[in-house]
Structures are given as structure tokens and as C-alpha cells.
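Take 497 as the starting number for the sequence shown in the working numbering and just add one per residue.
Below you'll find the structure, written out as C-alpha cells, and then a few comments.
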Amino acid sequence: VQVVEQFERQVRREIDLTLELRSIRRMAGAFKDHPRLRFPRTYPEHSTRHVLCMEHVQGVLLSSDEAKDFTEAERRDIVAIGSDAVFRQCFEIGFFHADPHPGNIFVLRETPEPPPDAAPADADETGRRALPTPDTGIRLCFIDYGMTGHIDPHSAELLADLVHGTISGELTRVIDVIVELTDMTPVAASNRVFKADVWEFISRFQTGNIADLEMGALLEEFFAKIRRHKLRCPPDIVFLIKAITTIEGVGEKVCPDFDLVSHVRPHIENLVRRRYGFRAVRRRFQNTAMGYAELAESLPRELRALSKMVRHEQMMVKVRHQGLDEVTSELETASRNISLALIISALLVCGSILFLADAASNDNLGLLFIGGIISMVAAAGIALYWLLSRTWG
Numbered sequence: 497v498q499v500v501e502q503f504e505r506q507v508r509r510e511i512d513l514t515l516e517l518r519s520i521r522r523m524a525g526a527f528k529d530h531p532r533l534r535f536p537r538t539y540p541e542h543s544t545r546h547v548l549c550m551e552h553v554q555g556v557l558l559s560s561d562e563a564k565d566f567t568e569a570e571r572r573d574i575v576a577i578g579s580d581a582v583f584r585q586c587f588e589i590g591f592f593h594a595d596p597h598p599g600n601i602f603v604l605r606e607t608p609e610p611p612p613d614a615a616p617a618d619a620d621e622t623g624r625r626a627l628p629t630p631d632t633g634i635r636l637c638f639i640d641y642g643m644t645g646h647i648d649p650h651s652a653e654l655l656a657d658l659v660h661g662t663i664s665g666e667l668t669r670v671i672d673v674i675v676e677l678t679d680m681t682p683v684a685a686s687n688r689v690f691k692a693d694v695w696e697f698i699s700r701f702q703t704g705n706i707a708d709l710e711m712g713a714l715l716e717e718f719f720a721k722i723r724r725h726k727l728r729c730p731p732d733i734v735f736l737i738k739a740i741t742t743i744e745g746v747g748e749k750v751c752p753d754f755d756l757v758s759h760v761r762p763h764i765e766n767l768v769r770r771r772y773g774f775r776a777v778r779r780r781f782q783n784t785a786m787g788y789a790e791l792a793e794s795l796p797r798e799l800r801a802l803s804k805m806v807r808h809e810q811m812m813v814k815v816r817h818q819g820l821d822e823v824t825s826e827l828e829t830a831s832r833n834i835s836l837a838l839i840i841s842a843l844l845v846c847g848s849i850l851f852l853a854d855a856a857s858n859d860n861l862g863l864l865f866i867g868g869i870i871s872m873v874a875a876a877g878i879a880l881y882w883l884l885s886r887t888w889g
């Protein structure tokens, strides 16, 4: 239901073109220093909720027949730039294009920039992979920002836990991620069948090394496990999985020989490093220490307020026993049944005594016999009412 509601919100967002305009400008600002990405120029003063005014992109649509004419080097550049952009959006910026299929990617040819004097061989000081060299002049321009997604820091940390727990074979950690991301309860997560299914998932991707991890396949299989157990996953996680699997599909189609797993490895390493690196651990320790300090500071004040409420009899404790209403209802039904059974038994005994007394009496009026008949009819009526009430509820 949440996924359907999220899709409904996305459709409504696509109708309001001012939201798409803001998404374009936000993405352009996030990649303003990226030399190989271009974004359509927008004109807010001429745009409304129903009209989006932006420049006409001059390039080759990746889904067109002209895309077949790219050279091998250009194809490698296309995949490298596109995968870098999407993985950086998902795992670093937290705001991503949720539908990066070939029909939403323009390829532009520009004059190649001269290579720097000392280009890094693999990654820069931030751990991000260097841009592909030599520069072929290929630039990418993503369009159609009507469908975008957001990943909050906590969800990003959970994804890091998922990756780390999977490659290191930590069953408990992966299950904890599932409990946090979905509506599963800890009690349900202790089910042996569920644990076996999660362990099967871990065994498939447990490599012990991030370099060999296929992130798209991992997330896709993870989502399949969640659906198999009828769990609800946050919509933005669904969109993130869609974005990553889509761009990986684009890479396989455009340049099947390109080693996409190795190329996006720095982004995965950065994701895990931000969660388990020294700075991350120190930050969590500082936050925990600060939380305990605030607790120690506020605890005496809270205790004084609590004792004051107790002294002035301002505290009320409400106890609600789970299932007590059902027990009470069953007890009332049982008591009513016992009472009716006793009344029926008494009437039957009374009728029998009256019949016997009438047979031994010399009274010709037959009053005792009539009394016995009345007792028997009353007993039968009450018994019939009891049976009907049990049958019809």
C-alpha cells in the first residue's frame, strides 16, 4: 500500500512541473563541478505548474538508433559517467533520478578537455574513482526529473549495514536491517524458515570483499526476499533499487564488456566507510556520550516532577489487560448458560413432582396436573430459547 501511495504522489508530482523544475536545479547544483555532466537550463520566470520552460537539449538520445554509432571508447565513457552519476546521487547526495533509462539520457559531444598534469591512477583523496581517461568529449545530460527519490541518512546507514553484514556473513545484522526497514516484528524475525531464507540470500553474495559485490543484484534479490515474506519496504528504497538496477541494465546494454562492478566500487566503499570508519565511530560515540550527559542532567528534574505529582495525587495509572474483554465475555456467557440450565432443571423437577402429586391426590380439579404441564412447557420454552440464542449468536 505504501508503494502504491508513493507512486500516486509521484504521479501528482509529475503533474506539478514546478517541482520538476526545482529537482533539475537541485541536481544541477549538486553536480556543478562535474565536468562531464550537463543539465537542461531552466527558466523559472516563464514556468508554471503546467508549463516547464527549459532549453532544447542538442544531443543523441541513448535509446535512438544513432546511439549505435558510438565507438567502443565512447561507450565506455557513457557507462562510466552514467554509473558514477547515479551511484553518487544514491549513496552520497541522497537525492537521485529514479528513472535513468536510455530514453532519459542524452549523449553530447564536446571538445575534449586537456588531461591534467598528474591525474590519479584510481581514486582521488575522497575515495571517488577518477574520471575515465582519455577524455573522448562525451557528456551526459539526464532529463525528465518528474520521478526522483530521497534517501535519509538513517536509511543510508541501514544500506551500509546490509552490505557489510552480507559480505561478512553476519545473519543477525542483516535481519536487524530487515526489521528496521520493514514492518516485521522481532518475534517474526526469529522464525527459522525466515532465517534460512535470509541465510540463503547472504550465501549468494558473501564474498568477504566489496570489490566483487554486485550492488544492483544484491538490492534486487533483497527486495525479492522482502516481497516473498509479504513485508512492506519504504517506497524510497524501492525507487533506489529501481534506479541502480536500471543504470546497471543500461551499462550492460551499451557496453557489455565494461567492468561496472569494479568501477562503482569506490561508491560502495565510501558508503560503508561513512558507517564503520573511524570518524563515523567517533561521531556515534560522541552522540551517545552527549545523550547520556543530557539524561544525567534532566533525570533529577524529572524525578522531582514525578514525586510532586505523586504527593499531590495527580498521577493516574491506567492498566489495560490484553484479551481481558474476551475473557469477561466468555465468563458472562458461561454464567448465563449455567443459570438457564439450573432454571430448566428446576422446572423439570417441579413438573415431575406435580405430576406425581396429582396421581396420588384425590382432587378431581387437576390443578396439580395443570401446574406440571405449565412447568414442562416453561422448561421447553427456555431450552428452545437457549438453543436458538447459541445458534444465531
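Built from N, CA and C at the ideal position, the CB exists for glycine as well.
Given the structure is predicted, the values throughout are model-derived calculations rather than measurements.
Item                                                                                                                                                : Value
Give, in chain order, every unbroken run of the alpha helix (DSSP H) that is at least 4 residues long and sits entirely within the segment 724–785. : 731–750, 756–759, 761–772
For Ile674 versus Leu715, is the C-beta distance shorter than 9 Å?                                                                                  : no
Could you have a look at Thr544 and say whether DSSP puts it in helix, strand or coil?                                                              : coil
If you draw a straight line from the C-alpha of Asp679 to the C-alpha of Val694, how long is it?                                                    : 16 Å
Just to confirm, is the Cβ distance from Gly590 to Ile520 under 9 Å?                                                                                : no
What span of residues does the beta strand (DSSP E) with His646 cover, start to end?                                                                : 644–646
Any idea what DSSP makes of Cys637, helix, strand or coil?                                                                                          : strand
Along the alpha helix (DSSP H) that carries His660, what are the first and last residues, could you check?                                          : 649–663
Below 9 Å between beta carbons: does that hold for Leu533 and Arg688?                                                                               : no
Starting from Arg537, follow the beta strand (DSSP E) in both directions and report where the run begins and ends.                                  : Looking at the DSSP string, Arg537 is not in any beta strand (DSSP E), and its letter there is neither H nor E.
Taking the C-alpha atoms as reference points, what is the distance between Val746 and Met643?                                                       : 18 Å
For Val553, which of helix, strand or coil comes out of DSSP?                                                                                       : coil
If you scan the segment 808–859 from start to end, which runs of the alpha helix (DSSP H) of 4 or more residues do you find wholly inside it?       : 820–856
What I want to know is whether the C-beta of Arg770 ends up closer than 8 Å to one or more non-hydrogen atoms of the ligand ZN.                     : In the structure shown, the ligand ZN is absent, as is every other ligand, since no ligand is present at all.
Suppose you measure from the CA of Arg584 to the CA of Val815; what does that come to, to the nearest Å?                                            : 51 Å
If you measure between the beta carbons of His593 and Met550, is that distance less than 9 Å?                                                       : no
Tell me, please, which residues DSSP counts as bridged to Arg688.                                                                                   : According to DSSP, which records beta bridges pairwise, Arg688 is partnered with nothing at all.
Would the beta-carbon of Ile878 fall within 9 Å of that of Ile834?                                                                                  : no
Check whether the Cβ atoms of Gly599 and Leu558 lie closer than 9 Å to each other.                                                                  : yes
Give me the Cα-Cα distance between Val845 and Arg886, rounded to the nearest whole angstrom.                                                        : 24 Å
Grouping DSSP H, G and I as helix and E and B as strand, with all else coil, what is Leu558?                                                        : coil
Does DSSP classify Ala614 as helix, strand or coil?                                                                                                 : Low local confidence applies: a pLDDT of 45 at Ala614 is under 50, so the model's placement there is unreliable, with the coordinate-based value given in what follows. The answer is coil: DSSP assigns Ala614 none of H, G, I, E or B.
Pull up the distance between the alpha-carbon of Lys804 and that of Pro796, whole angstroms please.                                                 : 12 Å
His660 and Val768 - do their beta-carbons sit closer together than 9 Å?                                                                             : yes
DSSP three-state label for Phe566, please.                                                                                                          : coil
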